[in-house]
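Chemist: Chains as they are written, first to last, in numbering that gives the first Met the number 0: chain P, 0 to 286; chain H, 0 to 238; chain Y, 0 to 292.
The structure that follows is given in the form of structure tokens.
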Amino acid sequence: MIGPSERATERILLVSAAVSASVTVLILGFMLVMALPLLRGGGLFSLLTQHWEPGKGLYGIYPLLVTTAGISSLSLLLAFPLSLGCACLIGLYGQRPPGTLLRRIVQLMTGVPTVVYGFVGIFVLVPLIREFFQTGSGMCLLTGALMLSVLIAPTMILFFQDSFERVPRSHLAAADALGADRAQKLLYVVLPAARRGILVGVILAFGRAAGDTLIALMLAGNAVQVPGSVLDSVRTLTAHIALVIAADYESPEFRSIFACGLILYLFITVITVLVRRLAMPESGERP
Amino acid sequence: MNDEQVKIKVTGLDFFYRDRRILTNLNVRFERNAITALVGPSGTGKSTFLYTLNRLWENIPDARMSGTVEMSLGGLWRDIYEGSYPVTELRRRVGLVFQTPNPLPMSIRKNVAFPLKLAGNRDRRLLQDRIEQALQMAYLWDEVKDRLDDDARTLSGGQQQRLCIARALVLEPEVLLMDEPTSSLDAAATEIIETLLVALKQRFTVLVVSHYLDQVRRVADCVVTFPDGAVVSNSSETR
Amino acid sequence: MNRFRENALIGVSWACGLILSGIFFLLVAYLAHQGAGVIDVKLLFGETPPLQALLLQQRVFDGLFPAMVGTFLLVCLSIVLAVPLGVATGIYMAEYAGARVKNLFNLVFDVLAGIPSILVGLFGFALAIFLHKHFSNRIQPCLLISALALAFLVLPYIIRTTQAALEGIPGETRLTALALGATKPQNLFHVLIPQSLSGMLSGLILAIGRCAEDTAVIMLTGVVVTAGVPTSLLGPYEALPFYIYYISSQYAGPEELLRGYGASLILLLLCTMLFFAAFLIKKRLTYLALYRP
Chain P
0 MIGPSERATE RILLVSAAVS ASVTVLILGF MLVMALPLLR GGGLFSLLTQ
50 HWEPGKGLYG IYPLLVTTAG ISSLSLLLAF PLSLGCACLI GLYGQRPPGT
100 LLRRIVQLMT GVPTVVYGFV GIFVLVPLIR EFFQTGSGMC LLTGALMLSV
150 LIAPTMILFF QDSFERVPRS HLAAADALGA DRAQKLLYVV LPAARRGILV
200 GVILAFGRAA GDTLIALMLA GNAVQVPGSV LDSVRTLTAH IALVIAADYE
250 SPEFRSIFAC GLILYLFITV ITVLVRRLAM PESGERP
Chain H
0 MNDEQVKIKV TGLDFFYRDR RILTNLNVRF ERNAITALVG PSGTGKSTFL
50 YTLNRLWENI PDARMSGTVE MSLGGLWRDI YEGSYPVTEL RRRVGLVFQT
100 PNPLPMSIRK NVAFPLKLAG NRDRRLLQDR IEQALQMAYL WDEVKDRLDD
150 DARTLSGGQQ QRLCIARALV LEPEVLLMDE PTSSLDAAAT EIIETLLVAL
200 KQRFTVLVVS HYLDQVRRVA DCVVTFPDGA VVSNSSETR
Chain Y
0 MNRFRENALI GVSWACGLIL SGIFFLLVAY LAHQGAGVID VKLLFGETPP
50 LQALLLQQRV FDGLFPAMVG TFLLVCLSIV LAVPLGVATG IYMAEYAGAR
100 VKNLFNLVFD VLAGIPSILV GLFGFALAIF LHKHFSNRIQ PCLLISALAL
150 AFLVLPYIIR TTQAALEGIP GETRLTALAL GATKPQNLFH VLIPQSLSGM
200 LSGLILAIGR CAEDTAVIML TGVVVTAGVP TSLLGPYEAL PFYIYYISSQ
250 YAGPEELLRG YGASLILLLL CTMLFFAAFL IKKRLTYLAL YRP
């Protein structure tokens, strides 16, 4: 038998959970409804393939898509080896100063405001790139990707490190018994066993890079074009959303930002499902 | 055992966890004002069985049970799984002491007062009396009467277990279930608790899971072996 | 075994560690060098007498005061909106949800946690337009809309930390009060929530940090460059991170730029302090877990 206060508590909690969950759905709903007029009648295809020239009535987001994919991939390419190295260092010196110190720094870095990274980027990194390559303003895909890699590295390191720690003690003990030293254990036992965790960390970091707004907005130049080289000024999907504030809420220009939003939303959903799929069997092994 | 001495009747009890069968068609009766020891190899469902007597298994996900459990509570025989009988009421009459001492992170006083508070008792005088009484019964009063407001976790392991017994006794239950109450304690603490158990059977029906055969021989009036639930009387052998 | 590979691993790891910490220290040192000299009363209040500014008698024009007040109010409002909903949801997920519901909602909240903040901002913006059209034309992007959007942004953090803190409680502790005749809500309020409080609190602090630093959400939902100290929930407001963003591209002279450095340093310090607070609370949590004899 369940008393009335017990039932009331459960009902309040259930309603809260339903409201929280509905926020996720509501965001998708708003994106869909606002972007729908653009997607009707083959609109989706032209949206994804056309260029962005509002003067000629072209509102395609193809350049933005390419840029987002490019800048995220490049930042990942830069951050991945760095992150793996840092995670290894922490793994090698687990409880001793080099390891714990680096871990603290990395944790602290996750708390640094994105806008501060962007601000420092503008006044340090941009002039550096400008001087070094002697072209343009220094605001380009490469600048954005460099700063973005600093932004996503801590997340990746902590995730890698976490998956290192999940390697069963028995595996490590077996290696110990065979006379393996720290580096050998890491190289031949921990890294192979943590492969899946590393993959998940990379996917998550890719999502984080594609979803970030401020770095690309502040450092990549914001010109809408398909990048020909890493030194071109470019605009990502997220920066596009931040920049287009049209006066006319019915215009295709305004609706295109919701299409960008929709694409990002679906992208994140795919990433989330993928990560859960990959992470599931691992968590299933440990009851 | 004639019918008047019976306190608990278990009939056709099956228990499943996930898809694993833990208990099969268990039929067993327990005598009132006696100590019954539950013995058997580990993993044969002794702890689980205790949980079926206060319905605590219902709070474990993926567990399933069938069969009936009847108890004589307050002089009336009732099916404890009958819908109209509140589970909280049942658990106030059937106390449980866990294997490892589990005082809550609060003072000694508040730990013992906790079940009374849950039952809605707010009379301070009454609380004070009942706390003292319960701690006396658990042989703990003299050791803690001057430090009732200390954190319960500052007590030794044996004291903590007696505190948990006091906490179970403060509601004046009729049945006391104990899941290997001494397995985490040293010899001296174990001895105190065994003496305590024998004293408690004057007022309560005690079921105790035990792995130690010498302990069973010392304290138990009756022995039920698991997994089959066969009853062996202990009195003929030792007394 | 291959000695070279092992030595290379050690060498490369050290190099990576040094590069990353080097970047971090450079960043902090650069900001400290540029911004430390600027942080004084004038940075906050400009030419306005501080007391009169604090009492809201006189408006501050050339100082960070309105932006700091704006950020403070924004954080408070978002947290007030997000915490009850998030904690209640976390409790439901940990204690009440059945396996299938839990699985589905876990996915939903994972997606919510992954949604880029600019999308949450866009949602807030669209919501404001929607409300403006259909309910009241007084509603426009404003402090309240920003706070609501930020609340949605940090909601999954609060749900997750609450859920994790509750699920981390060992099974036997979970049963203790129930065995003593507690109802499910009694168990929840007397045992489970008190035991998971520090876990929840560290989540709360991380959420505060997220609200304080976020720029993408607020830039679409009502933040402006000059508004003074906000007077209404339905009005525009200033905020520290947006000020930094704005200065970085639109600074009118060296003096304004210096103020940007000062603001960056203040925001960095604020977030660092919050981080350490969360860390200390968590440390206490592990201490409590180890203390158990």
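Glycine is no exception: its CB is placed at the ideal position from the N, C-alpha and C atoms.
1) Taking the Cβ atom as the reference point for each residue, do H/Val-215 and H/Ala-62 lie within a distance shorter than 9 Å?
2) Which word fits Y/Cys-75, buried or exposed, when buried means at least 16 other C-beta atoms lie within 10 angstroms of its C-beta?
3) Name the DSSP beta bridge partners of H/Ala-36, please?
4) Between the segment 154 to 172 of chain P and the segment 29 to 41 of chain Y, do at least 3 Cβ pairs fall closer than 8 Å?
5) Between the beta-carbon of H/Asn-120 and the beta-carbon of H/Arg-90, is there less than 9 Å?
6) Can you find a C-beta in chain P that's less than 9 Å from the C-beta of Y/Leu-54?
7) At the 9 Å Cβ level, is P/Pro-286 part of the contact set with chain Y, yes or no?
8) According to the Cβ coordinates, are Y/Ala-262 and Y/Ile-246 closer than 9 Å?
9) Can you name the residues that DSSP bridges to H/Leu-95?
10) Quick one: grab the DSSP three-state call for P/Glu-52.
11) Under 8 Å: do the segment 121 to 138 of chain Y and the segment 64 to 73 of chain Y share three or more Cβ pairs, one atom per stretch?
12) What does the alpha-carbon distance come out to for the pair H/Asp-2 and H/Ser-232?
13) State the DSSP-derived secondary structure class of H/Ala-62, mapped to helix, strand or coil.
14) Per the DSSP calculation, H/Lys-8 is bridged to which residue(s)?
15) Can you list the residues of chain P that Y/Arg-137 reaches, using a CB-CB cut of under 7 Å?
16) Kindly indicate the opening and closing residues of the beta strand (DSSP E) around Y/Trp-13.
17) Please state the DSSP three-state secondary structure of P/Leu-101.
18) Residue range of the alpha helix (DSSP H) that P/Val-125 falls in?
19) Grouping DSSP H, G and I as helix and E and B as strand, with all else coil, what is P/Met-0?
20) Is the distance from the Cβ of P/Thr-271 to the Cβ of Y/Leu-152 below 9 Å?
21) Let's see if you can read the secondary structure: which residues bound the beta strand (DSSP E) around H/Trp-140?
22) What residue range does the beta strand (DSSP E) around Y/Leu-53 cover?
23) Answer yes or no: does any C-beta atom of chain Y fall closer than 9 Å to that of H/Phe-97?
24) Do the segment 66 to 76 of chain P and the segment 140 to 154 of chain P meet, that is, are 3 or more Cβ pairs less than 8 Å apart?
25) Tell me, please, whether the CB atom of Y/Gly-85 is closer than 9 Å to any CB atom in chain P?
26) Touching or not, the segment 197 to 207 of chain P and the segment 144 to 163 of chain P, by the rule of three or more beta carbon pairs under 8 Å?
27) Under 8 Å, with one C-beta from each stretch per pair, do the segment 41 to 56 of chain H and the segment 206 to 214 of chain H reach the 3-pair mark?
28) So that I know if they touch, is there some Cβ in chain Y lying closer than 9 Å to that of H/Leu-199?
29) Using the rule of at least 16 other Cβ atoms within 10 Å of the residue's Cβ for burial, across every protein chain shown, is H/Arg-129 buried or exposed?
30) Closest by CA to H/Lys-6, which one among H/Val-93, H/Ile-21, H/Leu-168, H/Thr-23?
31) Tell me which residues of the segment 105 to 123 of chain H have at least one Cβ-Cβ distance to chain Y shorter than 7 Å, keeping chain order.
32) Quick one: list the residues of chain H neighbouring Y/Val-82, beta-carbon separation under 9 Å, in chain order.
33) At a CB-CB cut-off below 9 Å, which residues of chain P make contact with Y/Lys-183?
34) Can you tell me whether Y/Pro-155 is buried or exposed? The criterion is at least 16 other CB atoms within 10 Å of its CB, across all chains shown.
35) According to a CB-to-CB cut-off of less than 7 Å, which residues of the segment 118 to 140 of chain P neighbour chain Y?
36) What does a CB cutoff of less than 6 Å around H/Arg-166 pick up in its chain, not counting 5 residues either side in sequence?
Modeler: Quick answer:
1) Numbered from its first residue, the second sequence carries residue 215 of chain H at position 216. Numbered from its first residue, the second sequence carries residue 62 of chain H at position 63. It is not a contact, given that the beta carbons lie outside the stated cut-off.
2) Counting from 1 along the third sequence, the entry for residue 75 of chain Y is found at position 76. Per the 10 Å Cβ criterion, exposed.
3) As a working note, residue 36 of chain H is residue 37 in the second sequence. BP columns for H/Ala-36 point to H/Val-207, H/Val-222.
4) no
5) Position 121 of the second sequence holds residue 120 of chain H. Position 91 of the second sequence holds residue 90 of chain H. No.
6) One-based indexing of the third sequence puts residue 54 of chain Y at position 55. Judged by the 9 Å Cβ criterion, Y/Leu-54 is not in contact with chain P.
7) Start at 1 with the first residue of the first sequence, and residue 286 of chain P comes out as number 287. Because P/Pro-286 carries a pLDDT of 31, less than 50, the predicted location of this residue cannot be relied on, and no value is offered for it.
8) As a working mapping, residue 262 of chain Y is identified with position 263 in the third sequence. As a working mapping, residue 246 of chain Y is identified with position 247 in the third sequence. Yes, Cβ-Cβ distance for Y/Ala-262 and Y/Ile-246 is below 9 Å.
9) Start at 1 with the first residue of the second sequence, and residue 95 of chain H comes out as number 96. In the DSSP output, where bridge partners are listed per residue, H/Leu-95 has H/Leu-176.
10) On the first sequence, position 53 is the one that residue 52 of chain P refers to. In the structure shown, P/Glu-52 sits in a strand (DSSP, three-state: E or B).
11) no
12) Within the second sequence, the letter at position 3 stands for residue 2 of chain H. Within the second sequence, the letter at position 233 stands for residue 232 of chain H. Using only the alpha carbons, I get a separation of about 16 Å.
13) Translated into positions along the second sequence, residue 62 of chain H becomes position 63. Residue state, collapsed to three classes: strand.
14) Stepping through the second sequence from its first residue, residue 8 of chain H is reached at position 9. DSSP output for H/Lys-8 lists H/Arg-28, H/Glu-69 as bridge partner(s).
15) Mapped onto the third sequence, residue 137 of chain Y falls at position 138. Near Y/Arg-137 there are no residues of chain P at all, since even the closest Cβ is about 18 Å away, more than 7 Å.
16) Along the third sequence, one-based indexing puts residue 13 of chain Y at 14. Segment 2 to 34 is the alpha helix (DSSP H) holding Y/Trp-13; no beta strand (DSSP E) there.
17) Reading the first sequence from its first residue, position 102 is the one you call residue 101 of chain P. It is helical.
18) Position 126 of the first sequence, counted from the start, is the residue given in the question as residue 125 of chain P. P/Val-125 -> alpha helix (DSSP H) spans 125 to 132.
19) In the first sequence, the residue the question calls residue 0 of chain P occupies position 1. For P/Met-0, the predicted structure reports a pLDDT of 43, less than 50, and the residue's modelled location is therefore unreliable. The matter cannot be settled from this model.
20) Numbered from 1 along the first sequence, position 272 holds the residue referred to as residue 271 of chain P. Numbered from 1 along the third sequence, position 153 holds the residue referred to as residue 152 of chain Y. No, the Cβ-Cβ distance between P/Thr-271 and Y/Leu-152 is not below 9 Å.
21) Reading the second sequence from its first residue, position 141 is the one you call residue 140 of chain H. Element bounds for H/Trp-140: not the beta strand (DSSP E) but the alpha helix (DSSP H), 140 to 143.
22) Your numbering for residue 53 of chain Y matches position 54 in the third sequence. Note, Y/Leu-53: premise wrong, no beta strand (DSSP E); alpha helix (DSSP H) at 49 to 53.
23) What you label residue 97 of chain H is simply residue 98 of the second sequence in a count that begins at 1. Answer yes: the Cβ-Cβ gap between H/Phe-97 and chain Y drops below 9 Å somewhere.
24) yes
25) Looking up residue 85 of chain Y in the third sequence gives position 86. So, interface residue.
26) yes
27) yes
28) For the purposes of this step, residue 199 of chain H is taken as residue 200 along the second sequence, with counting starting at 1. False, the Cβ-Cβ gap to chain Y never drops below 9 Å.
29) Against the second sequence, residue 129 of chain H aligns to sequence position 130. Buried, since its Cβ has 16 or more Cβ neighbours within 10 Å.
30) For the purposes of this step, residue 6 of chain H is identified with residue 7 of the second sequence, where counting begins at 1. Comparing Cα-Cα distances from H/Lys-6 to each of H/Val-93, H/Ile-21, H/Leu-168, H/Thr-23, the minimum goes to H/Val-93.
31) Phe-113, Pro-114, Leu-117, Ala-118
32) Position 83 of the third sequence, counted from the first residue, corresponds to residue 82 of chain Y. Simply none; closest approach about 23 Å.
33) Position 184 of the third sequence, counted from the start, is the residue given in the question as residue 183 of chain Y. Result: Ile-1, Glu-5, Thr-8, Glu-9.
34) Start at 1 with the first residue of the third sequence, and residue 155 of chain Y comes out as number 156. Buried: at least 16 other Cβ atoms inside 10 Å.
35) Phe-118, Val-119, Ile-121, Val-123
36) Along the second sequence, read from residue 1 onward, the residue named residue 166 of chain H stands at position 167. The residues are Asn-110, Val-111.
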